[in-house]
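Scroll down for the structure; my scribbles are underneath it.
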Amino acid sequence: MKTIRDFDYDKKIVLLRCDLNVSIKDNKIIDSTRITSSLESINYLLKRNCKLVILSHLGKVKTIEDKKKYSLKIVYEELKKYLKDKIKFVPYTNDPIIKKEIDNMEYGTCILLENTRFEDLDGKKESNQDENLSKYWASLGDIFINDAFGTIHRRHSSNYGISKYLDSGIGFLVEKEINNLQKLDNPSRPFAVIMGGAKVSDKISVINGLIEKVDYLFIGGAMAFTFLKALDMNVGNSLIEEDMISTCKDLLKKYKNKIILPIDFYGSTSFSNDSKKEMYFITDFPKDFIGMDLGDKTLEGFKKELLSCETIFMNGPLGVYEFSNYQNGTEEIVKFLTDNRKEVYVGGGDIVGCIKNLKLDKNITYISTGGGATLEYIVNHDLPGLSYIGEK
């Protein structure tokens, strides 16, 4: 497929789809990995005498109030630290002003448009790949480069949609992701996946696709409680999905030797970082107890099983990582993996932030910027964002 190297950009207008969907807390960017990972493609294009128009989403925009929380202005301020006066923010997604701004740009400079998901407030035009929106964005440029690996598994207007109407290629980040993740097509075995997250329903298609490919599937996070409930365990007041219990029961019956679940948890009687922290085995949960992190015996058991594995992919935190009192389980497993394993791959914003905070990123084989995209690639290589990328 065509890459960013395969075009003549001189005096052209280039649309670059980046993944600038960073985590934000208290109006500050927690982890800027996705921003810095996009700089290679941005700088490459700026040096080739083009006008560069950058598109990205940020968060999920469902209400007018979300527009205040998820403006890309905060990302623009961070990009300015690297690009200085070569970048300008244009706070619109679909407006004649954008064309005027492009006309007035100098070659060798770029603009960042507002959050593409602001268009979701009008019938989910971005997320549902509205043809008119796709055509409009495509009309702004001559060439399209998709460097947003984090959304490459989605058919959105700003990636899949634009690529249908412009000569297109992939950026350096997407190329790097694919080259590294291809190594998981034939991993050294035993091959284990450690999966966290809140809901089984969010991951069930991935679990169904992964289970035949892996030797072990370790499950943490709140999704573990639906599996435990399927084993008729008392999970107290922990989060479960009643409509997924039957599905989990079938998986556990068919793959009982592959799926590894927690046996004890730290938690409390309220979903809070400040309430009294206690630990219980799953067999002894009080009725009002909420499990929020892996317990000591679970960590011990997980580590023992992981010690025999040669390749490990970790996706998502194993507890309520946004609460400081419930970060230990995730951090213990990450430290263990970096101390003991040769091939460790990770993907997903929260787990990447955890690794960066612990300063363990140099010990990881590969850190993917994608979460769902990484999992989809491992499962079936189905990445719609590549469908219309041209051949060399």
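Here the sequence shown stands for residues 721 to 1112, numbered as in my numbering. By construction, the Cβ of each residue, glycine as well, lies at the ideal position given by its N, Cα and C atoms. On a predicted model such as this, the values are computed, not experimentally measured, just so you know.
Beta-ladder partner(s) of residue i, from DSSP
i     : result
T1031 : F911, E1063
E998  : G987
F809  : L832
T723  : I890
I960  : DSSP output for I960 lists no bridge partner at all.
S1088 : G1067
L1011 : Just to set this straight, residue 1011 is Gly in the shown sequence, not Leu. BP columns for G1011 point to G987.
I980  : F938
Collapsed DSSP secondary structure at residue i in the structure displayed
i     : result
L937  : strand
R874  : coil
V1040 : coil
F864  : strand
M825  : coil
K845  : coil
V920  : helix
Y1108 : coil
T1003 : helix
S883  : helix
S966  : helix
K1024 : helix
N1048 : helix
T783  : coil
V955  : coil
L971  : helix
Y802  : helix
N1113 : The structure shown does not extend to residue 1113, since the chain is modelled only from 721 through 1112, so no value can be given for it.
Environment of residue i [buried if 16+ CB atoms lie within 10 Å]
i     : result
E1096 : buried
E1111 : exposed
T756  : exposed
D952  : exposed
Q849  : buried
D823  : exposed
G843  : exposed
D970  : exposed
L1080 : buried
P816  : exposed
S958  : buried
R837  : buried
P1037 : buried
L740  : buried
I1087 : buried
Any non-hydrogen atom of the ligand GDP within 7 angstroms of residue i CB
i    : result
K845 : This structure lacks the ligand GDP, and indeed carries no ligand of any kind.
Taking contact to mean 3 or more Cβ pairs, one atom from each stretch, closer than 8 angstroms, check whether the region 911-927 and the region 963-979 are in contact. yes
Stretch pair the region 734-746 + the region 861-879: three plus CB contacts closer than 8 angstroms: yes
Quick check: the region 1023-1036 against the region 1060-1079, are there 3 or more CB pairs under 8 angstroms? The region 1023-1036 vs the region 1060-1079: in contact.
Taking the runs of the beta strand (DSSP E) that are 3 residues or longer, which of them lie wholly in the region 722-777? 733-737, 771-775
Determine, using beta-carbon pairs with one atom in the region 788-805 and one in the region 747-763, whether at least three such pairs fall under 8 angstroms. yes
Given 8 angstroms, three or more beta-carbon pairs between the region 908-915 and the region 743-752: no
With a threshold of 8 angstroms, are at least 3 pairs of Cβ atoms found where one atom belongs to the region 1005-1016 and the other to the region 883-892? no
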